[in-house]
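>
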Amino acid sequence: MKFQITTKRLQEGLSIVSHATAGITTTPILENILLKVNYQNIVLTGNNLEMAIEYIIDKDITITSEWSFSIPSKLFWSYVNLIQDDTCEIELIKNDSIQIKTESGVTKIKGIDAGEFPVIPSIKEEQSLSLRGDIVKKSIEKTLFSSAEGNIRPTLAGILVNISEKQATFASTDSFRLSQYTTHLDTPVENTFSQIIPSKTSHEIKNILKDNDHVKIISGENQIAFFTGNAKIYSRLLNGKFPDYTNFFPKSYSTKTTINRVDLIQALRKINLISKENNYSIKMSMSSENGILLETSETQIGEGEVKLTGNVEGEDNIIGVNSTYFLEALGVMDSTHVSLQFENPLAPILVVPVDDEKKKKDTSEFKHIIMPLKI
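So for the sequence shown, this note's numbering puts the first residue at 2; every next one is plus one.
(1) With a cut-off of 8 Å on the beta carbons, I'd call isoleucine 283 and valine 322 a contact; round off their distance for me.
(2) Using a Cβ-Cβ cutoff of less than 8 Å, which residues in the same chain neighbour aspartate 175 once the five nearest sequence positions on both sides are dropped?
(3) Flag this pair as touching only if the stretch 226-244 and the stretch 41-54 have three or more C-beta atom pairs under 8 Å; answer yes or no.
(4) To the nearest angstrom, how far is the alpha carbon of leucine 130 from that of glutamate 366?
(5) Taking tyrosine 254 and threonine 325 to be in contact with their CB atoms under 8 Å, please state how far apart those CB atoms are, rounded to whole angstroms.
(6) Which one or two residues does DSSP pair with lysine 201 in a beta bridge?
(7) Using DSSP's beta-bridge definition, name the partner residues of tryptophan 68.
(8) Please identify the residue among Asn208, Thr26, Glu191 whose C-alpha is closest to the C-alpha of isoleucine 164.
(9) To the nearest angstrom, how far is it from the Cα of glutamine 342 to the Cα of glycine 315?
(10) Buried or exposed: which applies to glycine 241, given that a residue is buried once 16 or more other Cβ atoms fall within 10 Å of its Cβ?
(11) Do the stretch 191-206 and the stretch 104-118 touch if we need at least three Cβ pairs shorter than 8 Å?
(12) Would you kindly report the start and end of the unbroken alpha helix (DSSP H) that includes valine 120?
(13) State the Cα-Cα distance for the pair proline 155 and serine 200, rounded to the nearest angstrom.
(14) For phenylalanine 250, which residues from the same chain have a beta carbon less than 7 Å from its beta carbon, with the 5 sequence-adjacent residues on both sides left out?
(15) Does DSSP put asparagine 192 in a helix, a strand or coil?
(16) Pull up the CB-CB distance for phenylalanine 177 and isoleucine 160, whole angstroms please, since I reckon it's below 8 Å.
(17) Below 8 Å, can you find three or more Cβ-Cβ pairs linking the stretch 35-45 to the stretch 214-228?
(18) On the three-state DSSP scale, how would you describe glutamine 301?
(19) Helix, strand or coil for phenylalanine 249, going by three-state DSSP, please let me know.
(20) Sort out for me which residues DSSP pairs lysine 75 with in a bridge.
(21) Looking at the structure shown, is arginine 133 part of a helix, part of a strand, or coil, going by DSSP?
(22) With a threshold of 8 Å on Cβ separation, who are the neighbours of isoleucine 136 within its own chain once the five nearest residues in sequence on each side are excluded?
(23) Flag this pair as yes or no: are the beta carbons of serine 289 and aspartate 317 separated by less than 9 Å?
(24) Does the beta-carbon of lysine 32 have 16 or more other beta-carbons within 10 angstroms, so that it is buried, or is it exposed?
(25) From what residue to what residue does the beta strand (DSSP E) around glycine 221 run?
(26) Let's test the definition: count the other Cβ atoms within 10 Å of the Cβ of valine 120 and tell me whether it reaches 16, buried, or not, exposed.
(27) Comparing alpha-carbon positions, which option in Pro189, Gly303, Gly332, Ser173 lies nearest lysine 167?
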């Protein structure tokens, strides 16, 4: 195995596949990246058994001989990322090592035979469709932050994706908050699609996709694959049933407040400096006469309040809310103003962007609810 490659092209590929390698594990091969050198291209692969990423390099390479070998991901990626020479030559040498040669130096890294590297299982196609990259990327950005962490409720550690005809809906919840983003497709899809995609996989897809990409999605037998450009992402699907969440969104309100989104973000950032000592619990008072007041209870480092102007409809009210959850929801919105509405202080708080005149042509819809805190 011997080839020459531009450093930039190798760095690009490694930056993508390294995210699919395992951390410190009892199975060292899962910490490695597979280098498969073919006649006309090089395939880099990371596989931690939950997710695998392949990246095909077919430009800026000169291949002398073919073979396959696996290299420790962290060491290989760290070293290549430090190379400042334009090109590097990589060769498999004796003693199960590769030699990385540049104009400024030579380094040898020991690896493991490619035969031990786990094979990516083939997917028996049951569902497939193609979507624009910008739609998939934006839909994940709008919902990923609300997905659960850990294994307490595995079906919540992902994003529910429902696609049919000319509509795509992405939803996520950790039981304390819920996000839903719906967008209309320019071209109707031929097949309906409904799966729960793991959060880690969704995160990598979001980072890999570019707005002008197209992505082909294939799923079957608890597996899913995303093909876009030179990258292929394979993942296990989450088994189980996602909660029937549609009735969670409140249909009426007794109090509704409209606030400038940027002003609200700045106010929450100020109050967060104090509220972090109290698990980011804050009190939000809304009055048609006095506007909006954000307050923290007294903590070991102090207490604080911030006043805001805003429009309050209906009853004056006071609610408790997690200020970090609130900030994360506001961070994925791009409207000038946002609306908060709820039926009573113990009911879910609906947070939605208030469309500007320029954005009314956008047919997408984002809805978010936060469960209130007792005050």
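Where is the CB? At the ideal position from N, CA and C, for every residue including glycine.
Computed from a predicted model, the values in this text were never measured in an experiment.
Quick look at the numbers:
(1) 6 Å
(2) Ser147, Ser148, Ala149, Glu150, Leu157
(3) yes
(4) 22 Å
(5) That pair is no contact at about 24 Å.
(6) DSSP output for lysine 201 lists no bridge partner at all.
(7) Val38
(8) Glu191
(9) 10 Å
(10) exposed
(11) no
(12) It is not in any alpha helix (DSSP H) - valine 120 carries neither H nor E in the DSSP assignment.
(13) 10 Å
(14) Leu351, Lys368, Ile370
(15) coil
(16) Contact doesn't hold; Cβ gap of about 16 Å is too wide.
(17) no
(18) coil
(19) helix
(20) Bridge partners of lysine 75: none, in fact.
(21) strand
(22) Ala169, Thr184, Leu186
(23) yes
(24) Looking at the sequence shown, residue 32 is not lysine but glutamate. Buried, because 16 or more other Cβ atoms sit within 10 Å of the Cβ of glutamate 32.
(25) 215-221
(26) exposed
(27) Pro189
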